[in-house]
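Residue numbers (the working numbering): 2 to 125.
Don't be surprised by glycine CBs; every beta carbon is placed ideally from N, CA and C.
As the structure is a computational prediction, the values presented were derived from the model and not from experiment.
Beneath this line is the structure, given in structure tokens, with notes to follow.
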Amino acid sequence: DETEQLKDETEQLKDETEQLKEETEQLKEETGEFKKEREELVKEKEELNKINEELKKENEELDKEKIELTVLLDDAKKAAINAPYIHPQSSIGSQSVQQQPNGQSNPSMNAIQPQQPYGQQNPM
2 DETEQLKDET
12 EQLKDETEQL
22 KEETEQLKEE
32 TGEFKKEREE
42 LVKEKEELNK
52 INEELKKENE
62 ELDKEKIELT
72 VLLDDAKKAA
82 INAPYIHPQS
92 SIGSQSVQQQ
102 PNGQSNPSMN
112 AIQPQQPYGQ
122 QNPM
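What follows is the structure, encoded as structure tokens:
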């Protein structure tokens, strides 16, 4: 009776051992797949790091350009503020415009006339 029980236990242990071998093999396969996936993820991470570095360099260049453009804009604003004001109705700079009794202006003969809209006659 004990021998039969030992045989049953031995058979059961053999079955369990076989099952454990199968599970171990399956785990090895899964581990191999995980290693491959990990290697792929590491490669992707390296590629993304390279892209990130390139973007950082581009961003630095854009920051430099922004600073240069800001300086140029500030200089242009200062120049515009310090530029002499020219009244829009006057001809070039210091030439005078004399008002006639009928309300029309008569620029001096050397002044450049403003362009008339198409179809209208210039009184000069």
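Look at the alpha carbon of Glu54 and the alpha carbon of Glu45, and state the distance between them as a whole number of angstroms. Here residue 54 corresponds to residue number 53 of the sequence shown, with the count starting at 1. Here residue 45 corresponds to residue number 44 of the sequence shown, with the count starting at 1. C-alpha separation (whole angstroms): 14 Å.
If you run the structure through DSSP and keep just helix, strand and coil, what is Asp16? Here residue 16 refers to the residue found at position 15 when the sequence shown is read from its first residue. Reduced to three states, the DSSP call for Asp16 is helix.
Inter-residue spacing [alpha-carbon to alpha-carbon] between Leu66 and Lys57: Looking up residue 66 in the sequence shown gives position 65. Looking up residue 57 in the sequence shown gives position 56. Per the sequence presented here, residue 66 reads as Glu, with Leu not at that position. If I take the Cα positions, the gap works out to 14 Å.
Pull up the distance between the alpha-carbon of Tyr86 and that of Ala80, whole angstroms please. For the purposes of this step, residue 86 is taken as the residue at position 85 of the sequence shown. For the purposes of this step, residue 80 is taken as the residue at position 79 of the sequence shown. Rounded to whole angstroms, Tyr86 to Ala80 spans 12 Å at the Cα level.
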